[in-house]
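Numbering (the numbering used here), first residue to last: 14 to 145.
From the three backbone atoms N, C-alpha and C, an ideal C-beta is built for every residue, glycine too.
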């Protein structure tokens, strides 16, 4: 139960940080730069996940609840791109370069296709398809 609590707490903090980052970037540069906020949290989250991944790989102690709070909850909520990055690098380090490249490509393509398909479905159900 402690692990679930740690993950939930980290997730709540990560989500609020992501939202606050978006608000900050938009307040500085305007609404047209929303992708910059996404890029920033993806880069930051992936970098922090790299730190955590390296610590674990080096055998440096990180209690399970802290690992859940930071790596799964906070970074998972701040950006799912951090988990994606860790998965790809883990595959590469295991010598599975082809699988890693396929996974990376499939993740981007499938996510974009899923987004477009569901957007189209919602628009169709709402009475008209726009933007296709």
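Where does residue i sit, in a helix, a strand or coil, going by DSSP?
i          : result
residue 67 : helix
residue 76 : coil
residue 29 : helix
residue 43 : coil
Express the C-alpha separation of residue j and residue i in angstroms, rounding to a whole number.
i           : j           : result
residue 58  : residue 96  : 9 Å
residue 109 : residue 129 : 30 Å
residue 14  : residue 72  : 25 Å
residue 81  : residue 67  : 16 Å
residue 137 : residue 69  : 47 Å
residue 43  : residue 28  : 21 Å
residue 79  : residue 49  : 29 Å
residue 94  : residue 140 : 33 Å
To which residues of the same chain is residue i closer than 7 Å at the C-beta, ignoring the five residues directly before and after it?
i          : result
residue 30 : 91
residue 76 : none
residue 88 : 27, 58, 61, 62 and 95
Should residue i be labelled buried (16 or more other beta-carbon atoms within 10 Å of its own) or exposed?
i           : result
residue 115 : exposed
residue 23  : buried
residue 65  : buried
residue 124 : exposed
residue 41  : exposed
residue 62  : buried
Kindly list the residues whose CB is nearer than 6 Å to the CB of residue i, restricted to its own chain and excluding five residues on each side of it in sequence; keep chain order.
i           : result
residue 105 : 113
residue 102 : none
Where do the ends of the alpha helix (DSSP H) carrying residue i lie?
i           : result
residue 129 : 110 to 138
residue 91  : 88 to 91
residue 99  : 94 to 106
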